[in-house]
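Notes follow once the structure below has been shown.
In our numbering, the protein residues as written are 12 to 308.
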């Protein structure tokens, strides 16, 4: 059975709408479902941010060792651990980038984005030919808008109000800001997969920059999606994303026994639950793995 058919079968069997791009990095064999369609990125948008950070470091605009002091009035809610630390702690920009990826830290993400700049991220993606990849909102704006707050920047009072509204189940999972529109945080499975391919092949910025990004992506702590059904010999470098009914993951899977690696991006919407979306992604990833390993599945 061809890889395309395997992916289509899984997508038909499961609830939700799934956009998939898969490519073997050595042979070039690939398959996709809705590969050129826009999807909400959720926290997968942190991969373009990471790439732009390493480009700026390469150009000398920023240093990974530069220290940032955590402030109580800059906390960002949602995933992550930095918001739980006492104000005044100092972390490096590399620390922020690490937490942005491996525990999807929203406070860390917005601090990296503050130093890099949203427009520079979009410009870099455009320069790479990823013209459908758009980052319009940081984590603070994305989350607070979904709870009916209209605060352009973090405040201590805004943080507390967000937490109150979230506890009261006032998060609007159907808000227009989460729809796959060009004015939101969106991309296509093919474009994110192309970015991953450039990183994996050491073709983005420099070999050292790609090594730095891969070192972070390989430390991902959320493993219920791309790597979940893979055997222990496989390794994944990836970034998850979840918001509303969107359950995403994008990364590179390194296979054993000289079988090489493949890039896989799965973006989705209309899932019945996060667990169901994660299960679908895990099945798609395993199907690609089995196919490239020459195994029946």
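Heads up, the beta-carbon is just placed ideally off N, CA and C, and yes, glycines get one too.
Helix, strand or coil for residue 237, going by three-state DSSP, please let me know.
coil
Practice item. Identify whether residue 282 lies in helix, strand or coil by the three-state DSSP scheme. Key: coil
Check whether residue 146 and residue 129 have beta carbons under 8 Å apart: yes
Exercise. On the three-state DSSP scale, how would you describe residue 23?
Worked result: helix
**Q.** Burial state of residue 291, where buried means 16 or more other Cβ atoms lie within 10 Å
**A.** buried
query: Could you give the uninterrupted runs of the alpha helix (DSSP H) lying entirely in the segment 116 to 174, keeping only those of 4 residues or more?
result: 117 to 127, 129 to 138 and 150 to 156
*How many Å lie between residue 220 and residue 277 at the Cα?*
24 Å
Exercise for the section: With DSSP as the reference, please indicate the residues paired to residue 103 in a beta bridge. Expected result: 78
### Message
Under 8 Å: do the segment 234 to 249 and the segment 167 to 181 share three or more Cβ pairs, one atom per stretch?
### Response
no
With C-beta atoms as the reference, is residue 233 less than 8 Å away from residue 251?
yes
Here's a check: name, in chain order, each residue in its chain whose Cβ is nearer than 7 Å to the Cβ of residue 285, leaving out the five neighbours to either side. 253 and 258
When you compare each of 206, 267 and 188 to residue 152 by their alpha carbons, which one comes out closest? 188
Q. Using DSSP with H/G/I as helix, E/B as strand and the rest coil, what is residue 56?
A. helix
| query | Can you name, in chain order, every residue of its own chain whose Cβ lies under 7 Å from the Cβ of residue 266, other than the five neighbours on each side? | reply | 245, 272, 300, 303 and 304
Roughly how many angstroms separate the alpha carbons of residue 133 and residue 298, rounded to a whole number?
33 Å
Check: DSSP three-state call for residue 84: helix, strand or coil?
Finding: helix
task = Measure the C-alpha to C-alpha separation of residue 98 and residue 280 and round it to an integer number of angstroms.
result = 37 Å
In whole angstroms, what separates the C-alpha of residue 40 from that of residue 295?
-> 16 Å
- request: Grab the span of the alpha helix (DSSP H) containing residue 225 for me, first residue to last.
  value: 218 to 228
Looking only at C-alpha atoms, which of 275, 198 and 256 sits nearest to residue 4? The shown model of the chain, from 12 to 308, leaves out residue 4, and the question about it has no answer.
**OP:** Just the C-alpha distance for residue 197 and residue 269, rounded to the nearest angstrom, thanks.
**Re:** 35 Å
| query | Is residue 116 near the ligand FMN, going by C-beta to nearest heavy atom under 7 Å? | reply | Summarising the ligand content, the structure contains no ligands, and the ligand FMN is consequently not present.
*asked:* How far does the alpha helix (DSSP H) with residue 202 in it extend, from its first residue to its last?
replied: 200 to 211
message = So, with DSSP's three-state summary, where would you put residue 66?
response = helix
Taking just the CA atoms, how far does residue 293 sit from residue 19?
14 Å
request  = Would you list the one or two residues that DSSP bridges to residue 273?
outcome  = 35 and 264
If contacts are defined as beta-carbon pairs under 8 Å, then residue 262 and residue 207 qualify, I think. What distance do you get, rounded to the angstrom? 7 Å
Is the beta carbon of residue 127 closer than 8 Å to that of residue 28?
no
message = Assuming residue 44 is part of the beta strand (DSSP E), what are its boundary residues?
response = 41 to 44
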